[in-house]
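In my numbering, the protein residues as written are 79 to 455.
Note that beta-carbon positions come from the ideal geometry of N, C-alpha and C, so glycine has one too.
A quick note: this is a predicted structure, and the numbers were derived from the prediction, not measured.
This is the structure in structure tokens:
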């Protein structure tokens, strides 16, 4: 391989047959995307990918077999009959062919193509079948194209509805719309505009989770306000916000793994921002939750806790957190601050003048240092 070789380029499978003509057919199959022959891994992970098709240009030439007495049986029936008629005419003294030497006649026949006496019936039947198959494939590909176009428009409509809901601070409903759009886009082929819409929708979904975790969703705030017990309300609020912040960071990391860092550079910084803000807020709330539970375990030990009004958040009948739980919460918060610092550093590497990233990095490093001193004590 050449020194500059990175890998063979393949495309996503779009049809059952990539290319086909009278003599040649190229089918989709398994692609090897590593620049090292037969390697099982590459910079993107596993080197063997299914559902791929060839990209490029194929040049070939057909070298037809010429007739001669030794391969007479290989030629079509109509051609063989023509040869026999010419040989009989050559033997007839009254025929004009009889004046030719037999060697010259055989030389002339040698220059005749296999279809000189007409296209054989077996070839025409095969061509007819191939034409019917190509027409069926074209109709099927057109139906798939129309279906994907409908799915794309449906996903685009869901994303636009999510955008409108974001302006009204209804982030949970917007996240549901974005999730439906992503489910539609994941089932389709990897066309360029579908990829762009997928990246935009994933970015919007991760931002929705971040805003919910920051307490900006009106429906969740209204639901939490209905709770009478202030301590339980605060604890359930923290649990719900932490869950959404975790999802926001996860979606941001997925987005970073899917986008092209050159063509989608505007999404790279945005994704780093979402992950960093999600992890920073996660660390803050995790420390608040730990402090709240420590206070409850000291002041409310043995008291009955009222039932929660929110299903799926925290079970009110669960026992109070143990010391091991508090240690795990502290480690989880420390890990979140470290991830936030790493992503803020990536943002500053892209844009050193980003003031938001600078302040976030300072806060993350300060808390990491503070938690490190507390751990030593």
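Given residue 156 as reference, the closest of 136, 192, 424 and 360 once Cα atoms are compared: Selected option, being the one with the closest Cα: 192.
How far does the beta strand (DSSP E) with residue 132 in it reach, from first residue to last? Here the beta strand (DSSP E) through residue 132 covers 126–132.
How about residue 233 and residue 275: are their beta carbons less than 8 Å apart? Taking 8 Å as the cut-off, the beta carbon of residue 233 is found closer than this to the beta carbon of residue 275.
8 Å Cβ cutoff met for residue 249 and residue 302: No, the pair does not count as a contact, with Cβ atoms beyond the cut-off.
For residue 54 and residue 280, which I take to be in contact (beta-carbon distance under 8 Å), what is that distance rounded to the nearest angstrom? Since the first residue of the chain shown is 79 and the last is 455, residue 54 is not available in this structure.
Pick out whichever of 208, 423, 199 and 91 has its Cα sitting closest to the Cα of residue 103. Among 208, 423, 199 and 91, the Cα nearest to that of residue 103 belongs to 208.
Less than 6 Å between C-beta atoms, sequence neighbours within five positions excluded: which residues of the same chain meet that for residue 350? Closer than 6 Å at the Cβ level, and outside the excluded window around residue 350, lie 421, 424 and 425.
Measuring alpha carbon to alpha carbon, tell me which residue in 99, 277, 144 and 321 is nearest residue 137. Ranking the options by Cα distance to residue 137, first place goes to 99.
Is the separation between the beta-carbon of residue 91 and that of residue 115 shorter than 8 Å? Taking 8 Å as the Cβ cut-off, residue 91 and residue 115 do not qualify as a contacting pair.
Nonlocal neighbours in the same chain, by C-beta distance under 7 Å from residue 419, ignoring five residues either side: Same-chain partners within the cutoff: 439, 442, 443 and 446.
Residue 107, enclosing beta strand (DSSP E) - first and last residue: From DSSP, the beta strand (DSSP E) with residue 107 extends over 107–110.
Residue 450 classed as buried or exposed, judged by whether at least 16 other C-beta atoms fall within 10 angstroms: Exposed, since its Cβ has fewer than 16 Cβ neighbours within 10 Å.
Express the C-alpha separation of residue 245 and residue 256 in angstroms, rounding to a whole number. A straight-line Cα-Cα distance of about 14 Å links residue 256 and residue 245.
Opening and closing residue of the beta strand (DSSP E) in which residue 88 lies: Note, residue 88: beta strand (DSSP E), 88–90.
Beta-carbon contacts of residue 391 that lie in its chain and below 7 Å, excluding the five residues immediately before and after: Bear in mind that a pLDDT of 40 at residue 391, under 50, signals an unreliable position, so the model cannot answer this.
Taking residue 242 as the reference, give the member of 286, 231, 211 and 123 with the closest Cα. Here the closest residue by C-alpha is 286.
From 353, 273 and 361, pick the residue whose C-alpha is nearest to that of residue 336; which is it? Comparing Cα-Cα distances from residue 336 to each of 353, 273 and 361, the minimum goes to 273.
Within a Cβ cutoff of 7 Å, which residues of the same chain sit near residue 365, ignoring the five residues on either side of it in sequence? These residues qualify, in order along the chain: 411.
For residue 432 and residue 348, I'd like the C-alpha separation in whole angstroms. Each residue's alpha carbon lies about 12 Å from the other.
As assigned by DSSP and simplified to three states, the class of residue 95: The answer is coil: DSSP assigns residue 95 none of H, G, I, E or B.
With C-beta atoms as the reference, is residue 327 less than 8 Å away from residue 353? Closer than 8 Å, so yes.
Tell whether a beta-carbon distance below 8 Å holds between residue 150 and residue 163. Contact: no.
How should residue 145 be labelled, buried or exposed, when 16 other C-beta atoms within 10 angstroms of its C-beta is the threshold for buried? Here residue 145 is buried. Its C-beta has 16 or more other C-beta atoms within 10 Å.
As a quick exercise: from 264, 132, 187 and 235, pick the residue whose alpha carbon is nearest that of residue 93. The alpha carbon of residue 93 has as its nearest neighbour, out of 264, 132, 187 and 235, the alpha carbon of 132.
Cβ-based burial, residue 407 [other Cβ within 10 Å; buried from 16]: Residue 407 comes out buried.
Backbone secondary structure at residue 173 - three-state DSSP: Coil.
Compute the Euclidean distance between the alpha carbons of residue 197 and residue 148, then round it to the nearest angstrom. Roughly 22 Å between the two C-alpha positions.
Beta-carbon contacts of residue 227 that lie in its chain and below 8 Å, excluding the five residues immediately before and after: Take residue 227, set aside five residues on each side of it, and no residue of its chain has a beta-carbon closer than 8 Å to its own.
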